[in-house]
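Asks: My questions will all concern the structure given below.
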Amino acid sequence: MEGSGVRDMLKTEAKYHLGQVLRHRKHPFRGVVFDVDAMFSNTEEWYDAIPEESRPSRDQPFYHLLAENEQSYYVAYVSEQNLVPDDTGEPVEHPDLAELFGEFEDGRYPLQFQFN
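Using my numbering, read the sequence shown as starting at -16 and increasing by one per residue.
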């Protein structure tokens, strides 16, 4: 097949990486990437709950974040288009970080594997 249509359609390379600190483009929270889906992989109910005017495209990477805002800690599922790097240099305080990552250094968290 000629042309770039199919190649563009299949281009789902993630822009961000595991351990990177990101913040949401519109909402006041930030978090650490702990998993990436090449394309939308959540439930239809979750997707339909997003207001139509701000619903992201499904054909882009979606990130699982250990997230925090001023009130709480939680897991967020966010499209790549709604994330930007967090350049504050500040660590994230999510209580589950130590299970997956080492100490915050150089603006990111190194993966930490624990074998039982």
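The beta-carbon is built from N, C-alpha and C at its ideal position, and this holds for glycine as well.
From what residue to what residue does the beta strand (DSSP E) around Y(-1) run?
Replies: Here Y(-1) belongs to no beta strand (DSSP E), and DSSP marks it neither H nor E.
Asks: Can you give me the C-alpha to C-alpha distance between F87 and V15, rounded to a whole angstrom?
Replies: Each residue's alpha carbon lies about 11 Å from the other.
Asks: Quick one, which of A(-3), E(-4) and L1 has its alpha-carbon nearest G85's?
Replies: Closest by alpha carbon: L1.
Asks: Identify which residue in Y57, E28, V61 and D89 has its Cα closest to the Cα of S40.
Replies: Among Y57, E28, V61 and D89, the Cα nearest to that of S40 belongs to V61.
Asks: What does the alpha-carbon distance come out to for the pair E(-15) and E(-4)?
Replies: Low confidence applies here, because E(-15) scores a pLDDT of 46, under 50, leaving its location unreliable; read the following figure in that light. Roughly 21 Å separates the two Cα atoms.
Asks: Take G56 and list the residues in its own chain whose beta-carbon comes closer than 8 Å to its own, dropping the five residues that flank it on each side.
Replies: It should be pointed out that residue 56 corresponds to Tyr in this sequence rather than to Gly. Cβ neighbours of Y56 beyond the five flanking positions: L49, A50, E76, H77, P78 and D79.
Asks: At what residue ranges does the segment 24 to 97 contain a whole run of the alpha helix (DSSP H), taking only runs of 4 or more?
Replies: Fully enclosed alpha helix (DSSP H) runs of 4 or longer: 27 to 31 and 80 to 83.
Asks: Taking the alpha carbon of A59 as the reference point, which residue from A21, N25 and S37 has its own alpha carbon closest?
Replies: For the residues A21, N25 and S37, the minimum Cα distance to A59 belongs to N25.
Asks: Drop a sphere of 10 angstroms on the beta-carbon of L94, count the other beta-carbons inside from all chains shown, and report buried for 16 or more, exposed for fewer.
Replies: Exposed.
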